[in-house]
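Undergrad: Each residue of the sequence shown is one higher than the last, beginning at 1 in full-length UniProt numbering.
From the three backbone atoms N, C-alpha and C, an ideal C-beta is built for every residue, glycine too.
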Amino acid sequence: MARSARRNGESTSGGRNEEREKRGRRPVEAASVALRTSAAWQVGARALSLGLRVAVARRFGPAAVAFADVNLYMLSAVALLPLREVVRRVALQGHAEALWQGMAVWWGCGWSVLVCGWFVSRAASIRQRALYAVSSVGVVLEAVLGEQYYVACTVSGDVRAARRRARADALAVLLHSVVTVAVSYASGDGLVGAACGSLAQSVALVAGWAFAARSVKVSREGVRREEMKNTSATCLSALLAHAAWQAGTKFLASDAENALLMSCARVNAEQVGSYKLAGNIASLLLRYWLLPLEESVYAVVSSSSSAEEALPYARCAFLTSLLPALLCATVGASYADVYTRLLYGKQPLTAQVLAWYLRYVAVAALLGTTEAYASTAVLPRAPRRALGVHALASGSISALYLVGVYVALYRFGDVALLVLANAAASLLRALLAWTYIEWLGRRDSSTRRVWACREALPSARVLGALAGLAAVVRWAGERAGEKLQVLVGAVGVLGWVWLVYHEHGGVLQCVLASGVHASGERK
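(1) Measuring from the CB of Y275, is there a heavy atom of the ligand ATP at a distance below 7 Å?
(2) Hey, how far is the Cα of L277 from the Cα of L311?
(3) Can you have a look at K250 and say buried or exposed, based on whether 16 or more other CB atoms are within 10 angstroms of its CB?
(4) Report yes if the CB atom of L400 is closer than 8 Å to the CB atom of A425, and no otherwise.
(5) Near R165, what residues of its chain come up, given a Cβ to Cβ distance below 8 Å and the 5 sequence neighbours on each side ignored?
(6) Would you check if there are 3 or more beta carbon pairs closer than 8 Å linking the stretch 322-330 to the stretch 388-408?
(7) Ordered along the chain, which non-local residues of its own chain (more than five positions away) have a Cβ less than 7 Å from that of V140?
(8) Give the DSSP-derived three-state secondary structure of S519 in the structure shown.
(9) On the premise that G388 lies in contact with L358, defined as a C-beta separation below 8 Å, what is that separation, rounded to the nearest angstrom?
(10) Provide the residue span of the alpha helix (DSSP H) that contains G273, from first to last.
(11) Mapping the DSSP letters down to three states, classify D337 as helix, strand or coil.
(12) Could you spell out the range, first to last residue, of the alpha helix (DSSP H) harbouring T350?
(13) State the CB to CB distance for the pair A476 and L466, rounded to an integer number of angstroms; the pair is presumed to be in contact (CB under 8 Å).
(14) I'd like to know if the stretch 485-497 and the stretch 275-292 are in contact, where contact means that at least 3 CB-CB pairs between them fall below 8 Å.
(15) Taking C-beta to C-beta, are T320 and L508 nearer than 8 Å?
(16) By how many angstroms is the C-alpha of W107 removed from the C-alpha of V56?
(17) Any idea what DSSP makes of C264, helix, strand or coil?
(18) Identify the continuous alpha helix (DSSP H) that holds W289 and give its terminal residues.
(19) Using 8 Å as the cut-off, can you tell me whether the stretch 287-299 makes contact with the stretch 334-349, which would need three or more C-beta pairs spanning the two stretches below that distance?
(20) Return the residue from the list V178, E142 and G138 that minimises the CA-CA distance to L199.
(21) Would you give the residue range spanned by the alpha helix (DSSP H) that G188 belongs to?
(22) Excluding the 5 residues preceding and the 5 following T370 in the sequence, name in chain order all residues of the same chain whose CB lies nearer than 8 Å to its CB.
(23) Among the candidates A238, G110 and L81, whose CA atom is the shortest distance from the CA of R385?
(24) What separation, rounded to the nearest whole angstrom, lies between the Cα atoms of L392 and A423?
(25) Would you identify the three-state DSSP class for A172, choosing helix, strand or coil?
(26) Taking 6 Å as the limit between beta carbons, can you name the residues of its chain near A355, skipping five residues before and five after?
(27) Using a 10 Å radius around the Cβ and a threshold of 16 neighbouring Cβ atoms, would you call V353 buried or exposed?
(28) Expressed to the nearest angstrom, what Euclidean distance is found between the alpha-carbon atoms of S125 and D69?
(29) Nearest by alpha-carbon distance to W245: which of D169, G506, E85 and L463 is it?
(30) Compare the C-alpha of G146 against each of R122, L83 and L131 and name the closest.
(31) Quick check on this structure: which residue in Y373, L175, A79 and L428 has the alpha carbon closest to the alpha carbon of V300?
(32) Just how far apart, CA to CA, sit V473 and R341?
(33) Would you kindly work out how many angstroms separate the C-alpha atoms of A143 and V297, rounded to a whole number?
(34) Can you tell which of A470, V181 and E503 has its C-alpha closest to the C-alpha of V488?
Below, the structure is given as structure tokens:
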């Protein structure tokens, strides 16, 4: 009898362990599926979208690009800031149910309506008011409906929902460009096309996220049920307050430049347009590779039973984001003039800004996944005094960034210096996030290196080969001409990619293939 009971207990324990292991694999599987789908769809959609945007830039000039990428972007960024950067981040920490039962979401929706109304009322002309009003309709739809669908898809750990959400993001980007080009050419006005494209993108996002949320089957199993049950009003308010401070400092550290670009008289619309045209090329990697990796870390951490369980995947995502970013920074910058002439024609200022943008991508890769893991897995466990120090440091970095942007625009009138200001601020924020990860990780365990360990960094052979390739490409451009430079670069990049797969193939499979655990072991 005792032996039978022991056997039954062991089988029950084994079944529980197996079920727990399956639940642990589900967040990583959903994140890797979303990342693969996002990468595949976004590359195609972004390539088509870039071609359509090039048509608008060639036909209507950089000024139309400046209005779409500065004015309309600022409308969306400010109006959706509380929901995207405060409510969404706290929801992904395991408090989605408590947030949607409270008033935080409705405060965010009200903020969106007020901001849209302010932009419409402050427009310089009736024509601009109409353009802002058209774009505002889509922004309000995203605020009222879109965010709850997005969070439901992300925290569920459901593979089908993750795949559908990634497809919706890509199709919305493509629809934005198609509508922009169609309306611009039909009306003969690039600004009208930009406003209609913004509305179409918002509607497509809401519809796509709603369709993806319908497939959510396991909406609460992987979302830290213990934390959700024990979410007190005081704890939730503290998390929201800290997230709001972080969102404000992050906005100042990344989007305040658009506000200054709108108001600075020393730079004209053509200069602003050149700056944004260069950003469009750099965003191929920033928005459609680094951002999905960052969101995958948010998804894995929010759906895991503990922060330590998600740490191996976060390390792998960090290295996966860093490798192509280093390639762009060292080799890609040498081809900035080639990219610009191929897409926009002869644009010297755009080529100069693009070269700096491609170097900045490496710093952005250091920041993205590091800050994602720190804000979702580390800061919620930090003592209150540590949170205060973090908030003060974030505010100081944002203040320094604003000073740098002000000097670049109002003192020198040089949009290229904006990239340097962005790089400096991003590097400081990455160092801050890394410091907190290492400090709290060492406090909770005996590990000497939590984040900056050997598994999360490129090998010496990969870095050495990249440095040699960059030197050869630069020499070919200066001595042998553009055609040979392109040929040397193509062959060298293929060889370097093979070396990366040979050295870090397991890490890439961990992030991109759902058949691999976050620890790197196959199922």
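TA: This is what the structure holds:
(1) This structure simply doesn't include the ligand ATP, nor any ligand for that matter.
(2) Rounded to whole angstroms, the gap between the alpha carbons of L277 and L311 is 36 Å.
(3) Under this definition K250 is a buried residue.
(4) Contact: yes.
(5) A34, Y150, C153, T154, G208, W209 and A212, listed in sequence order.
(6) Segments in contact, no.
(7) Same-chain partners within the cutoff: S112, V113 and C116.
(8) Residue placement at S519 cannot be trusted, given a pLDDT of 39 that sits under 50; the coordinates are not used to answer.
(9) About 37 Å separates the two Cβ atoms, so there is no contact after all.
(10) Where G273 is concerned, the enclosing alpha helix (DSSP H) stretches over A269 to L285.
(11) Judged by DSSP in its simplified three-state form, D337 adopts helix.
(12) P348 to Y373 is the extent of the alpha helix (DSSP H) around T350.
(13) Actually they are not in contact, since the Cβ atoms of A476 and L466 sit about 16 Å apart, beyond 8 Å.
(14) Contact fails: fewer than three Cβ-Cβ distances are below 8 Å.
(15) L508 sits close to T320, with the two beta carbons spaced by under 8 Å.
(16) Straight-line measurement puts the Cα of W107 at about 37 Å from the Cα of V56.
(17) Reduced to three states, the DSSP call for C264 is coil.
(18) Boundaries cannot be given for W289, as no alpha helix (DSSP H) includes it and DSSP labels it neither H nor E.
(19) No, because fewer than three Cβ pairs between the stretch 287-299 and the stretch 334-349 fall closer than 8 Å, the two stretches do not touch.
(20) With distances taken between Cα atoms, L199 lies closest to G138.
(21) Segment: none, G188 is in no alpha helix (DSSP H) and carries neither H nor E.
(22) Cβ neighbours of T370 beyond the five flanking positions: F318, A430, A433, W434, I437 and W451.
(23) Sorting A238, G110 and L81 by C-alpha distance to the C-alpha of R385 places A238 at the top.
(24) If I take the Cα positions, the gap works out to 20 Å.
(25) A172 falls in the helix class under three-state DSSP.
(26) Hits under 6 Å: A333 and A336.
(27) Burial is judged here by how many other beta carbons sit within 10 angstroms of a residue's own beta carbon; V353 has at least 16 and is buried.
(28) Straight-line measurement puts the Cα of D69 at about 19 Å from the Cα of S125.
(29) The residue from D169, G506, E85 and L463 with its alpha-carbon nearest to that of W245 is E85.
(30) The shortest Cα separation from G146 among R122, L83 and L131 belongs to L83.
(31) Here the closest residue by C-alpha is Y373.
(32) Straight-line Cα distance between these residues: approximately 18 Å.
(33) Rounded to whole angstroms, A143 to V297 spans 23 Å at the Cα level.
(34) If we check each option's Cα against that of V488, A470 comes out closest.
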